[in-house]
Amino acid sequence: MSSNPSPEQSLDKQPPAPQQPVPPSNIHAGFDPHSGQSWLFPVDFVTPDYLPLIVEKTLYHNSLVILPNRFEVSFVAAVVMHNVYRWYPFGKVVFICSNRKATQDQRAACDRLMKFVPSDVVDMALKPHERVRNWATKRAFFITSHTMAGEMARQEAERVGMRKIKLVVIEDPQLDVRAHSAIIQKLTEMGANFRVLCVTTTHGKTVEPAQLKQWHISNIELQWGNPQEKPDEWLMNKKEISNIVTVLGAVMDGLLAELQLLTQRYLANLHACKQIANTSLFETITADHIRQERTRYELSVLTGVVRKNHFEVMRNFHMAEKLVLAHRILARDGVVALMDYFHLQNDALGQADSELSAFLHKVRQGVYTAPHPKFTTLDNFLREFFQQRTAVVAAALRILIVVERTDAVLLVNRILKNIPESKHRCLIDSNYASYVDQFRTGELNVLVVPVEIEPSIELGHTDLVVLFNVTDHPLEFLCHIARTRGGQPGAIVTMTTEGPEQEEITEIINNRRMHYYENRDILPIGVDLSDSMVRGSPALIPPGFQPKGRHVLFNRQATTVLEATSSRASPSPTLLPVSPQLVVAEKRRVLEVLSDSPATYDAINGCTYYQVMQVPSQPSLVRTDKQEAEGTKSPGGGQ
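Okay, here's the thing in structure tokens:
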């Protein structure tokens, strides 16, 4: 006779209850309902009409954006990054690119266009343990794809901060497809709810259909630079480009030789530690090469191979990279750019080097006929260019001078003040539309423009285009000339120093056809890409919210117009002496902030925005002293 099992035995024999699925966390947690009412678009720069439409679409869809030039690519990335940064006060935005130079350029573009709170921004070219700490404390990251792939391989406890990523911006994703696809896949597996924005230019590498699904792309935005022209009809490829080479001279050669000796001390130490190859050919050593060797050494440290003199090795890497870059700046841009570079670095290790400090003190106290021989070459070239023409013809000329650095703009302005035929303006991050109009109508005959502004202006006919600095953006300089100079541009002149810069720009000029054809096959022709894209994108904006676009003057209107006075004293035939201290003081005065236009104020993340008035008859929102007095007398509205 079988006995009935006890209740305890019955419970033991029952199958285990199935685990209840963990309810998904709120994917919109952290969304700011106040900031989420709008998205911001800066109007400090003149931009094409299609950019606001592209920005709005990328906020709602995972997008691949293909634009004609690097300025527009950086612009879209900066605007989208800042809007997501506003919407999620505790979220994180990440910019990824295959090389560190591009990440530095994008960070500079963000500072110039839509600036983050400085304490939230970090360049992840750091030591491994510092990167772990920054994932927990920072919000805007600029990182290379190689470094990001290494970060994704960390242990789960060290990747907690990555779940807060709300936006991943990848520049030129087709250059490293495997790494970028792996990053997006791992972030998805971690449960992060994020938007993907892939940006590239029309002369980039072809994007294969299979890559779109790997990047979770659901929307493609493509804008050609010359929709009505074939590449072989571009004016850029028809024009002859002249290159004027400047000899450095005894003074500059002496400074370069002294700085090279300071640099070779650290290179010799690294060579003795077997960290870099032979350093006898100093001209072949670049900052990128030293950076790669430093990364290789850091990876070996992670495997447990730590040298006894680890700190000394890292110090030598740091100083060697810094001084190799300083040598390049001095050779191509001059003493003012060199002092500005060390001032911005403000490096404790550099300040501890007594020989380097003595060298910088000597350079700082020096007085030079020109901060670089190229400025003398430019002065002589412009004088000869004007003197070869009659007064009437000279007044009708259109000359565009493109430079890279703010201090170079100021120094070129000093040159133009001493040329009587010059009616010039210099633009530095300003609301410059009226001065562009004056240039087009003939009131001005010389315009000095920084490289970051130049792609956004249309000048029509120009008689002379001078590319003064082509140090860091040689391809972009020529690309801008190819795509933005309408009509029939005149002569195009580049100015370089003898040596590596001369060889570099000569190679680019001779092969510009190869560089600047738009890749008409950047997307496969005759292929239906809809099957290769994902259906829908993660919802970054909660239901019920429809952010409205707001045009804002994001940066205060910095004064950037350096007027050429009509009543001058007799111009000096030569350049006035200049010292680095004088130029820095002048630069500080020029960049003083003036903001007297009517605006509404909206404090967001510690920044101030200026919304453009759309209705001309709307009364000014800035109260005058008279209005203040009336308001004090009649607090009830004047009744």
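Number 160 in UniProt numbering belongs to position 160 of the sequence shown; there are no gaps in the numbering. For glycine and all other residues, C-beta sits at the position ideal for the given N, C-alpha and C.
Output needed for Gln260: all residues of its chain with C-beta closer than 7 Å, excluding positions within five of it in sequence on either side, in chain order. Within the sequence shown, numbered from 1, the residue matching residue 260 stands at position 260. Once the five neighbours on either side are set aside, the close Cβ partners of Gln260 are Phe282 and His327.
With DSSP as the reference, identify every bridge partner of Ala140, one or two as the case may be. Counting from one through the sequence shown, the residue named residue 140 turns up at place 140. Val93 and Val121, per the DSSP bridge assignment.
If I follow the unbroken beta strand (DSSP E) through Phe385, where does it start and stop? Looking up residue 385 in the sequence shown gives position 385. No beta strand (DSSP E) contains Phe385, which is instead part of the alpha helix (DSSP H) from Pro373 to Gln387.
Counting pairs of beta carbons, one from the stretch 87 to 96 and one from the stretch 161 to 170, are three or more of them closer than 8 Å? By the Cβ criterion, the stretch 87 to 96 is in contact with the stretch 161 to 170, since at least three pairs of Cβ atoms, one from each stretch, lie closer than 8 Å.
Whose CA, out of Ile509, Met533 and Ser98, lies closest to the CA of Ile143? The residue you call residue 143 lines up with position 143 of the sequence shown. Checking every option, the nearest Cα to that of Ile143 belongs to Ser98.
For Glu171, report the span of its beta strand (DSSP E) as first-last. Within the sequence shown, numbered from 1, the residue matching residue 171 stands at position 171. Taken as a continuous stretch (DSSP letters only), the beta strand (DSSP E) holding Glu171 covers Ile165 to Glu171.
DSSP puts Arg245 in a beta bridge; with which residues? For this step, residue 245 is matched to residue 245 along the sequence shown. Looking at the sequence provided, one finds Val at residue 245 rather than Arg. Beta-bridge partners of Val245 (DSSP): Thr496.
In three-state terms, what does DSSP make of Pro42? Translated into positions along the sequence shown, residue 42 becomes position 42. The three-state secondary structure of Pro42, taken from DSSP, is strand.
Candidates Lys417, Phe385 and Gly442, of which the one nearest Ala395 by Cα: By one-based count along the sequence shown, residue 395 stands at place 395. Ranking Lys417, Phe385 and Gly442 by Cα distance to Ala395 puts Gly442 first.
Could you name the residues of the same chain whose beta carbon sits closer than 7 Å to that of His28, not counting the 5 residues immediately before and after it, in chain order? Position 28 of the sequence shown holds residue 28. Taken in chain order, the residues that qualify are Pro542.
Three-state secondary structure (DSSP) at Leu553? Locating residue 553 in the sequence shown gives position 553, where the first residue counts as 1. Here DSSP, grouped into helix, strand and coil, assigns Leu553 to strand.
For Tyr50, count the other beta carbons within 10 Å of its own beta carbon; 16 or more makes it buried, fewer makes it exposed. Which is it? The residue you call residue 50 lines up with position 50 of the sequence shown. Exposed, by the Cβ-count rule.
Between Tyr341 and Gly334, what straight-line distance do the alpha-carbon atoms span, to the nearest angstrom? Numbered from 1 along the sequence shown, position 341 holds the residue referred to as residue 341. Numbered from 1 along the sequence shown, position 334 holds the residue referred to as residue 334. Linking Tyr341 to Gly334 through their CA atoms gives a straight-line distance of about 11 Å.
Just confirm the distance between the C-beta atoms of Phe41 and Phe95, as a whole number of angstroms; I'd bet it's less than 8 Å. Taking the first residue of the sequence shown as 1, we reach residue 41 at position 41. Taking the first residue of the sequence shown as 1, we reach residue 95 at position 95. Not really, about 19 Å apart at Cβ, beyond 8 Å.
Beta-carbon within less than 8 Å of residue 690's beta-carbon, same chain only, minus the 5 sequence neighbours each way: which residues are those? Outside the displayed range of the chain (1 to 639) lies residue 690, so it cannot be described from this structure.
Would you be able to state if there are at least three C-beta pairs under 8 Å between the stretch 207 to 219 and the stretch 174 to 188? Yes: at least three Cβ pairs fall under 8 Å.
Where Lys127 sits in the DSSP three-state scheme: Position 127 of the sequence shown, counting from 1, holds the residue named residue 127. Judged by DSSP in its simplified three-state form, Lys127 adopts coil rather than helix or strand.
Do you know whose CA, among Ser145, Leu255 and Leu59, lies nearest Pro547's CA? Counting from 1 along the sequence shown, the entry for residue 547 is found at position 547. Relative to Pro547, the option among Ser145, Leu255 and Leu59 whose CA is nearest is Leu59.
Euclidean distance between Cα positions of Ala370 and Leu64: As a first step, residue 370 must be located in the sequence shown, where it is residue number 370. As a first step, residue 64 must be located in the sequence shown, where it is residue number 64. Each residue's alpha carbon lies about 46 Å from the other.
Taking Val402 and Val449 to be in contact with their CB atoms under 8 Å, please state how far apart those CB atoms are, rounded to whole angstroms. Here residue 402 refers to the residue found at position 402 of the sequence shown. Here residue 449 refers to the residue found at position 449 of the sequence shown. For a cut-off of 8 Å, the C-beta gap from Val402 to Val449 is around 6 Å, short enough to register as a contact.
Which stretch, first to last residue, makes up the alpha helix (DSSP H) that contains Asn62? Looking up residue 62 in the sequence shown gives position 62. Under the DSSP assignment, Asn62 falls outside any alpha helix (DSSP H); it carries neither an H nor an E label.
Could you tell me whether the Cβ atoms of Ala125 and Ser74 are closer together than 8 Å? For the purposes of this step, residue 125 is identified with residue 125 of the sequence shown, where counting begins at 1. For the purposes of this step, residue 74 is identified with residue 74 of the sequence shown, where counting begins at 1. Between Ala125 and Ser74, the C-beta gap is not smaller than 8 Å, which leaves the two residues out of contact.
Does DSSP put Tyr368 in a helix, in a strand, or in coil? Taking the sequence shown and counting its residues from 1, the one referred to as residue 368 is at position 368. Of the three classes helix, strand and coil, the one that applies to Tyr368 here is strand, per DSSP.
DSSP-derived helix/strand/coil call for Thr47: Reading the sequence shown from its first residue, position 47 is the one you call residue 47. In the structure shown, Thr47 falls within a coil segment according to DSSP collapsed to helix, strand and coil.
Please state whether DSSP places Gly150 in a helix, a strand or coil. Reading the sequence shown from its first residue, position 150 is the one you call residue 150. Reduced to three states, the DSSP call for Gly150 is helix.
Mapping DSSP to helix, strand and coil, what is Arg520? By 1-based counting over the sequence shown, the position of residue 520 is 520. Collapsing the DSSP output to three states places Arg520 in coil.
Nearest to Val534 by alpha carbon, out of Pro209, Glu156 and Phe45? Within the sequence shown, the letter at position 534 stands for residue 534. If we check each option's Cα against that of Val534, Pro209 comes out closest.
Residue span of the beta strand (DSSP E) that contains Ile401, given as start and end: Here the question's residue 401 lines up with position 401 in the sequence shown. Note, Ile401: beta strand (DSSP E), Ile399 to Val403.
Answer with buried or exposed for Thr147, where buried requires no fewer than 16 other C-beta atoms within 10 angstroms of its C-beta. The residue you call residue 147 lines up with position 147 of the sequence shown. With 16 or more other Cβ atoms inside 10 Å of its own Cβ, Thr147 counts as buried.
Three-state class that DSSP yields for Ile285 in the structure shown: As a working mapping, residue 285 is identified with position 285 in the sequence shown. The answer is coil: DSSP assigns Ile285 none of H, G, I, E or B.
Got a sec? Which residues, its chain only, sit under 7 Å from Arg520 by beta carbon, not counting five neighbours each side? Taking the sequence shown and counting its residues from 1, one reaches residue 520 at position 520. Contacts found: none.
For Leu113, which option in Val43, Arg440 and Pro373 has the closest C-alpha, if you only look at C-alpha atoms? Indexing the sequence shown from 1 puts residue 113 at position 113. Cα-wise, what sits closest to Leu113 is Val43.
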